[in-house]
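Read in UniProt numbering, the sequence shown has 119 at position 119, and its numbers run on one by one without any break.
For reference, the structure is listed below as structure tokens.
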Amino acid sequence: MTIAVSSGAHPALVLNADYRPLSYYPLSLWSWQDTIKAVFLDRVNIVAEYDAAVRSPSFEFRLPSVVSLKTFVKPSRYPAFTRFNVFLRDKFQCQYCSSKYELTFDHLIPRSKGGLTTWENVITACSPCNLRKSNKSCEQLNMWPMHMPFRPTIQDLHNNGRGFPPNYLHESWMDFLYWDTELEP
Ligand SMILES: [Zn+2]
């Protein structure tokens, strides 16, 4: 059986049973293939659809753009330790000079001195600052970050996230994102 699908990735936003995104950071998105599987396994409700459809000679199925889980999943309090989330915690700013360009990561305690790659030791730094700091300690250089790195909660990232939305947001997702921002009159 051949299935034709209109072009594009068409991911579905996945909501928990309470209609909040299952995860914000990263945003919970499923491929259309996984989404259709979940629909046929009766694990999700379809909340909104794309104009696009998958077609075979015998059926046509519109691709869901938003689905909600039928069973509530307890959300985790802490976001994943990812590059994007570290940048988001630090508001996409070098923590030494506040530059917004050439961003990379610096280990506060250098790896060569046993510093770990953790929320508490990794901060956003621009390339020039990173080069300057190299494998020296903050004390040696008297070079301190604006904020000491910490493990953020989902809420911390959520507060910063409004300023840095993901690159692509389908219009049907907007009702379920940033629901606590002020509504336009
Ligand atoms: Zn810098």
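Ideal Cβ positions, reconstructed from N, Cα and C, are used throughout, including at glycine.
Status (buried if at least 16 other CB within 10 Å, exposed otherwise) for residue i
i      : result
Pro149 : buried
Val67  : buried
Pro64  : buried
Leu169 : exposed
Arg111 : exposed
Residue i: first and last residue of the uninterrupted beta strand (DSSP E) it sits in
i      : result
Cys126 : Val122 to Cys126
Arg55  : Val44 to Arg55
Phe105 : Leu103 to His107
Enclosing alpha helix (DSSP H) for residue i [first to last residue]
i      : result
Leu141 : Cys138 to Leu141
Val73  : Val73 -> no alpha helix (DSSP H), and no H or E assigned at all.
Ala12  : Looking at the DSSP string, Ala12 is not in any alpha helix (DSSP H); the run it does join, the beta strand (DSSP E), is Ala12 to Leu15.
His158 : Ile154 to Gly161
Leu88  : Arg83 to Arg89
Alpha-carbon spacing of residue i relative to residue j, whole angstroms
i      : j      : result
Gln93  : His107 : 15 Å
Thr181 : Arg162 : Here the model assigns Thr181 a pLDDT of 48, short of 50, so the residue's position is not dependable and the matter cannot be decided.
Ser56  : Val39  : 17 Å
Glu171 : Ser99  : 32 Å
Leu27  : Pro128 : 31 Å
Asp18  : Phe72  : 7 Å
* Pocket of ligand 1 (residues with CB nearer than 5 Å to any heavy atom), chain order -> Cys94, Tyr96, Cys97, Ser99, Cys126 and Cys129
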